[in-house]
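As given, the protein sequences belong to chains A and B, one line each in that order. Last residue of the first sequence: 342 in numbering that gives the first Met the number 0, with the numbers rising by one and none dropped. Last residue of the second sequence: 609 in numbering that gives the first Met the number 0, with the numbers rising by one and none dropped. For each residue, glycine too, the CB sits at the ideal point set by N, CA and C.
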Amino acid sequence: MARTNAIGLTKADYKGAPTTLCQGCGHNSILSQIIASLFEMNVRPEDVVKFSGIGCSSKAPTYMLSRSFGFNGLHGRMPALATGALVADRTIKGIGMSGDGDTASIGMGHFKHVIRRNVPFVYIVANNGVYGLTKGQFSATADQGLYLKRQGENPYMPIDICMEALASNATFVARTFAGDPKQVKTLLKAAFHHKGLAVIDIISPCVTFNNRPESRYSYEWAKDHEAALHQIDFVPPEEEIWLGEGLEPGEVRDIRLHDGSTIILKQVDEDYDPTDRFGAIKAIEESYAQNVLLTGLLYIDPEAPNIYDILDLPDEPLNRLPTDRLRPSAEALEAINAGLFHA
Amino acid sequence: MTVETASSSAPTAARPAVVNDFSITVGTINGTGSQTSNLTLLRALFKMGIPVSGKNLFPSNIQGMPTWYTIRVNKDGFIARRDEHEIVVSMNPATVDDDLAEVLPGGVFIYADHLRPRAMRDDVTVYTMPARKLAKESGAPPKLRDYVANMVYVGVLAHLLGIDLDAIREALSYHFHGKAKATELNFGVVQKAAAWAAENLTKQDPYRVEPMNATRGMILADGNSALAWGALFGGLQFLSWYPITPASSVAETINEYIPKLRKDPVTGKNTVASIQAEDELAAINMAIGAGWAGLRAMTSTSGPGISLMTEAVGLAYYAEVPVVLVNVQRTGPSTGLPTRTQQGDITFTYFLSHGDTEHIMLFPGNINEAFEFGWRALNIAERLQAPVFLMSDLDLGMNHWMGRPFEYPEEIDRGKVLWEDDLKRLAEEGRRWCRYEDVDGDGVPYRTVMGNRYPGAAYFTRGTGHDECARYSEDPEVWVRVNQRIKKKYHDGRKYLPQPVVDTMDGAQVGIIAYGSTDPAIVEARHYLLHDHDMPTDYLRIRAVPFHDQVRDFLAAHAKVYVVEANRDGQMAQLLRMTYPELATRIVSHSRSDGLPLTAEWVVAGIQEA
């Protein structure tokens with residue numbers, strides 16, 4: 000018998016169509032962790048909606064959560080598509096699946112602006128530094144000097160997704176590595192409970208086009224150079240907070256999210272403060288100098304108003320409001336007419 | 000005071016009075032508040048019961064460039080633009096010579112006395128006015144003096160033409176939202192200027208106004224506001240937009256009126272989400288997301304924005320997502336003439352997207368239709384699960400037009416949406432639901448929307464090939480089947496679109512087809528064709544594409560049909576010839592694109608010569 004969660008579902012209930020991504024693609028591992036996190040958090044697939052753009056990353060939503068609504072839209076436009084849709088029902092959890100081409104090139108403008116609006120959904124960038132579906136061109140996150148077959152050497156500086164997010168005042172910024180499933184899953188859980196937009200930059204090696212050991216986007220490099228900021232634990236709102244065994248209080252930092260859940264960080268770097276935006280930017284800069292892949296929750300502002308607050312929308316789904324609540328009265332139209340200049 | 004009147008001349012002393020039938024053009028500098036003066040004149044004349052129209056010819060600029068405003072006064076109700084200006088007022092030193100050249104022989108030229116025209120014409124009546132002096136004497140603070148100087152010409156015209164000062168006061172009070180201080184400051188200048196004119200100017204021209212009863216019960220409004228109110232009364236739930244002339248005031252009016260009209264009676268929260276997007280790409284993708292998720296969604300833009308939205312429109316067409324795109328057309332291609340009008344996006348919009356597509360376009364011809372199509376477009380989009388283009392233009396959208404009070408919309412139509420109860424009922428009846436299945440034989444499938452938690456309600460929407468059950472498919476037969484079904488949906492769906500308006504005359508051999516804001520020019524042209532050229536005409540005004548069968552019948556009933564439009568290439572004529580190749584030889588295209596609204600004289604000339 001397959002294990003069931005508290006709402007009586009098995010992991011199979013969270014599955015999608017069989018994957019057509021390459022064997023060993025980091026994206027498959029991300030999908031597994033999305034499924035695992037929702038399963039473990041007892042979220043019904045019907046309460047989730049998936050969005051994506053174009054690219055290998057954006058094909059991925061087909062391969063999970065077939066009981067959820069999904070919309071595979073246009074290249075780079077996932078943030079805008081998700082914004083419009085999520086306004087319709089604030090009781091649903093959104094996942095936006097994007098890639099480095101989708102987010103850091105064609106969709107960069109939308110990425111920055113969805114951050115400004117703090118639309119509550121989990122924005123995953125499956126980041127491998129390369130265009131896979133079009134067979135191996137450099138993306139904007141590729142390292143300068145990276146060598147690829149047919150492309151030669153990349154002469155341009157890379158874009159850092161997390162830096163861009165921080166510069167745009169993102170309220171949840173994390174980086175992780177697809178080969179570190181435990182951290183991926185824990186960050187996903189925290190992201191699902193975040194009040195606003197949660198950006199997770201997941202280094203997800205492309206086994207076909209960009210997996211040379213010297214590439215920052217290879218399994219080998221990332222495994223050797225991953226430097227976790229902290230060990231993360233996440234406690235959903237309905238559970239008692241348990242501080243774990245053997246931790247001294249001084250080593251632990253709790254971050255309470257708006258819904259009562261808690262992220263527990265066991266510090267590796269002793270004074271890293273994920274509520275300090277400038278500190279996060281500094282830590283990323285330093286990671287370049289140290290040639291390490293800095294992972295973990297880089298920044299969080301759990302209380303910033305989200306787009307529902309900003310637009311002052313009702314708590315109930317806007318798309319279920321009956322028509323009589325969508326139309327002003329005949330008297331209101333008479334008032335408009337009376338207010339116009341008339342002879 | 001003799002200096003100010005020194006240049007008055009009297010070439011037309013004994014001419015008969017010209018009453019309620021002339022055009023006034025005022026040349027000013029933009030950013031000096033002249034729009035207040037111009038609207039005050041327009042409203043006062045309208046208040047006197049005289050049919051009027053006002054056209055603003057403005058630059059793509061914030062401050063300091065020439066701008067002109069033309070008011071047409073016409074006792075017969077003809078309100079199209081004219082090329083002739085009987086009365087020209089110049090307040091702009093940079094354009095005074097050009098302004099003088101614009102006056103019809105025998106007309107009137109009025110200019111501020113700080114202007115220095117190079118030469119004066121002897122075939123026009125000339126009045127000068129001490130605009131700055133009177134502005135200074137008004138007691139207005141120095142920073143407002145340019146502004147109130149524009150009120151001087153209002154007062155001078157009031158005296159010369161006989162405009163009712165009470166009507167001017169009402170117009171000012173309306174403009175300043177009843178604020179007494181602003182109203183009285185400006186009205187004081189108008190009164191002083193009128194009194195100055197009475198004392199210092201000798202009326203030597205034949206033009207004057209007389210009260211009529213032709214505007215009773217009517218309103219003045221701009222098409223963009225009308226459209227915005229129509230959408231709000233039609234249950235709009237989502238608006239995404241990016242600033243662009245001449246469409247911005249659609250969104251701005253919606254934003255202004257959400258707090259007044261669309262607070263939820265139950266929760267006090269907003270029932271419309273309005274987002275100013277980062278660009279038009281985002282605006283349309285947001286609207287598509289919202290329409291897909293079951294919101295009545297709209298985006299408003301102009302031609303350049305539509306260009307950017309092209310890819311997404313193809314997605315909405317093929318994924319069958321309801322969304323309304325308002326296109327307040329301006330002169331293109333490219334940046335073109337951003338502040339001038341055109342009906343230039345017709346063929347472009349019809350075929351918008353790569354691949355095989357056709358689109359629904361609605362053409363409002365006046366402010367009442369702008370209001371009506373504002374709500375009706377939302378119904379059509381949801382009924383047909385399709386993008387709907389609401390094709391307004393700068394002339395209708397940004398200028399003030401006379402109209403009837405707006406009428407309360409018909410019922411909101413949400414189309415074929417299945418919620419939990421509907422799916423439960425289907426399951427009990429042993430029937431399956433598939434997203435793109437043509438159950439009713441009308442080409443329109445049933446849809447569920449995000450948030451429906453019933454088992455099996457969810458489906459995956461994609462712009463890639465899909466079968467009736469929304470599954471990915473590259474099967475050639477499936478592709479053909481789904482796309483033919485969509486084509487049928489557009490063909491059969493015509494019954495939901497506004498029908499054309501037909502007006503016939505006895506003995507007419509010649510037909511005229513037009514659409515949108517050119518209606519006043521056509522109406523006036525038909526009058527001249529009948530009375531001056533003994534040519535009765537039949538007139539069909541298209542209000543929607545794809546065409547109703549009446550359009551074909553109209554073409555078939557006339558050996559010659561002129562298709563009159565404001566673009567270079569005769570775009571509607573192109574669509575008509577393509578749709579009805581067997582009738583194509585009957586179609587004569589009469590089109591022009593110079594950025595300006597069409598005139599009746601131009602319409603007549605084309606129909607005469609061909």
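Which residues DSSP lists as bridging residue i, in chain order
{"i": "Asp537 (chain B)", "result": "B:Gly510"}
{"i": "Lys49 (chain A)", "result": "A:Gly69, A:Ile94"}
{"i": "Glu225 (chain A)", "result": "A:Leu292"}
{"i": "Leu336 (chain B)", "result": "B:Thr330"}
{"i": "Thr66 (chain B)", "result": "B:Thr27"}
{"i": "Asn209 (chain A)", "result": "A:Cys205"}
{"i": "Phe176 (chain A)", "result": "A:Ile202"}
{"i": "Gly151 (chain A)", "result": "A:Leu147"}
{"i": "Met390 (chain B)", "result": "B:Asn326"}
{"i": "Arg207 (chain B)", "result": "B:Val18"}
{"i": "Tyr110 (chain B)", "result": "B:Ser89, B:Thr127"}
Length of the line joining the Cα atoms of residue i and residue j
{"i": "Thr124 (chain B)", "j": "Gln607 (chain B)", "result": "34 angstroms"}
{"i": "Ser8 (chain B)", "j": "Arg375 (chain B)", "result": "A caution first: Ser8 (chain B) carries a pLDDT of 46, below 50, which makes its placement in the model unreliable, though a value can still be read off. Each residue's Cα considered, the two are about 56 angstroms apart."}
{"i": "Ile6 (chain A)", "j": "Asn451 (chain B)", "result": "19 angstroms"}
{"i": "Pro104 (chain B)", "j": "Asp533 (chain B)", "result": "28 angstroms"}
{"i": "Trp228 (chain B)", "j": "Thr252 (chain B)", "result": "8 angstroms"}
{"i": "Ile353 (chain A)", "j": "Phe120 (chain A)", "result": "Residue 353 (chain A) is absent from the model: chain A starts at 0 and stops at 342."}
{"i": "Gly331 (chain B)", "j": "Leu292 (chain A)", "result": "50 angstroms"}
{"i": "Ala100 (chain B)", "j": "Ala296 (chain B)", "result": "49 angstroms"}
{"i": "Asn254 (chain B)", "j": "Gly234 (chain B)", "result": "14 angstroms"}
{"i": "Val2 (chain B)", "j": "Val18 (chain B)", "result": "With a pLDDT of only 34 at Val2 (chain B), under the threshold of 50, the placement of this residue in the model should not be trusted; the figure read from the coordinates follows. Each residue's alpha carbon lies about 30 angstroms from the other."}
{"i": "Pro248 (chain A)", "j": "Pro303 (chain B)", "result": "Model confidence at Pro248 (chain A) stands at a pLDDT of 48, short of 50, so the residue's coordinates are unreliable; what they give is reported in the following sentence. Straight-line Cα distance between these residues: approximately 60 angstroms."}
{"i": "Thr61 (chain A)", "j": "Lys222 (chain A)", "result": "28 angstroms"}
{"i": "Gly245 (chain A)", "j": "Lys265 (chain A)", "result": "Residue confidence for Gly245 (chain A) is low, a pLDDT of 48 falling below 50, so the modelled location carries little weight; the figure read from the coordinates is stated next. Roughly 11 angstroms between the two C-alpha positions."}
{"i": "His192 (chain A)", "j": "His257 (chain A)", "result": "8 angstroms"}
{"i": "Ser273 (chain B)", "j": "Gly288 (chain B)", "result": "13 angstroms"}
{"i": "Asn338 (chain A)", "j": "Tyr173 (chain B)", "result": "It is worth fixing the name first, because residue 338 (chain A) is Gly in this sequence and not Asn. Using only the alpha carbons, I get a separation of about 9 angstroms."}
{"i": "Ile254 (chain A)", "j": "Thr266 (chain B)", "result": "32 angstroms"}
{"i": "Gly138 (chain B)", "j": "Thr182 (chain B)", "result": "14 angstroms"}
{"i": "Asn284 (chain B)", "j": "Val271 (chain B)", "result": "17 angstroms"}
{"i": "Ala87 (chain A)", "j": "Arg480 (chain B)", "result": "32 angstroms"}
{"i": "Thr300 (chain B)", "j": "Val544 (chain B)", "result": "19 angstroms"}
{"i": "Lys58 (chain A)", "j": "Ser472 (chain B)", "result": "14 angstroms"}
{"i": "Tyr271 (chain A)", "j": "Ala286 (chain B)", "result": "41 angstroms"}
{"i": "Asn336 (chain A)", "j": "Lys46 (chain B)", "result": "15 angstroms"}
Integer-rounded CB distance, given that residue j should sit under 8 angstroms from residue i
{"i": "Gly222 (chain B)", "j": "Ser391 (chain B)", "result": "6 angstroms"}
{"i": "Leu164 (chain B)", "j": "Ala134 (chain B)", "result": "Not confirmed; about 18 angstroms, so no contact."}
{"i": "Val118 (chain A)", "j": "Asp200 (chain A)", "result": "Not quite, the Cβ-Cβ distance comes to about 18 angstroms (not below 8 angstroms), so this is no contact."}
{"i": "Val327 (chain B)", "j": "Gly396 (chain B)", "result": "4 angstroms"}
{"i": "Ile586 (chain B)", "j": "Val560 (chain B)", "result": "6 angstroms"}
{"i": "Leu660 (chain B)", "j": "Thr346 (chain B)", "result": "Since the first residue of chain B shown is 0 and the last is 609, residue 660 (chain B) is not available in this structure."}
{"i": "Ser13 (chain A)", "j": "Phe38 (chain A)", "result": "Residue 13 (chain A) is actually Tyr in this sequence, not Ser. Correct: roughly 6 angstroms between the Cβ atoms."}
{"i": "Ile53 (chain A)", "j": "His74 (chain A)", "result": "4 angstroms"}
Note to self: Output needed in chain order: residues of the segment 458 to 469 of chain B with a Cβ under 9 angstroms from some Cβ in chain A.
What the structure shows: Tyr458, Phe459, Thr460, Arg461, Gly462, Thr463
Next item on the list: Would you check if the segment 295 to 307 of chain A and the segment 164 to 179 of chain A touch, i.e. whether three or more CB-CB distances between them fall below 8 angstroms?
Entry: yes
Check: Of the residues that make up the segment 317 to 331 of chain A, which ones have a beta carbon closer than 8 angstroms to any beta carbon in chain B?
Finding: Leu317, Asn318, Arg319, Leu320, Thr322, Arg324, Leu325, Arg326, Pro327, Ala329, Ala331
Note to self: Taking beta-carbon pairs under 9 angstroms, can you tell me which members of the segment 225 to 238 of chain B lie near chain A?
What the structure shows: Trp228, Leu231, Phe232, Gly233, Gly234, Leu235, Gln236, Phe237
Notebook entry, point to check: Closer than 7 angstroms, Cβ to any Cβ of chain A: which residues of the segment 297 to 319 of chain B, in chain order?
Noted result: Glu310, Ala311, Leu314
Check: Okay, do the segment 320 to 331 of chain A and the segment 96 to 103 of chain A touch, 3+ Cβ pairs below 8 angstroms being the bar?
Finding: no
Notebook entry, point to check: What are the residues of the segment 277 to 290 of chain B that lie near chain A, defined by any Cβ-Cβ distance shorter than 7 angstroms?
Noted result: Glu277, Asp278, Leu280, Ala281, Asn284, Met285, Ala286, Ile287, Gly288, Ala289
Check: Can you list, in chain order, the residues of the segment 53 to 77 of chain A whose Cβ is nearer than 7 angstroms to any Cβ on chain B?
Finding: Thr61, Arg66, Ser67, Phe68, Gly69, Phe70, Asn71, Gly72, Leu73, Arg76
Next item on the list: Decide if the segment 347 to 358 of chain B is in contact with the segment 204 to 214 of chain B; the criterion is three or more beta carbon pairs, one per stretch, under 8 angstroms apart.
Entry: Three or more Cβ pairs closer than 8 angstroms define a contact, and the segment 347 to 358 of chain B falls short of that threshold against the segment 204 to 214 of chain B.
Note to self: Within 8 angstroms, do at least three Cβ pairs link the segment 536 to 549 of chain B to the segment 304 to 313 of chain B?
What the structure shows: no
Next item on the list: Could you run through the segment 112 to 126 of chain A and flag, in chain order, every residue whose CB is less than 7 angstroms away from some CB of chain B?
Entry: Going along the segment 112 to 126 of chain A in chain order, one finds His112 with a Cβ nearer than 7 angstroms to chain B.
Note to self: By the 9 angstroms beta-carbon criterion, what residues does the segment 164 to 175 of chain A contribute toward chain B?
What the structure shows: none
Check: In the segment 26 to 43 of chain A, which residues sit with their C-beta less than 7 angstroms from some C-beta in chain B, listed in chain order?
Finding: none
Next item on the list: Assess, as a yes-or-no matter, whether the segment 107 to 125 of chain B is touched by the segment 58 to 75 of chain B under the definition of 3 or more beta carbon pairs within less than 8 angstroms.
Entry: The answer is no - the segment 107 to 125 of chain B does not touch the segment 58 to 75 of chain B, with fewer than three Cβ pairs under 8 angstroms.
Check: Touching or not, the segment 595 to 605 of chain B and the segment 549 to 564 of chain B, by the rule of three or more beta carbon pairs under 8 angstroms?
Finding: yes
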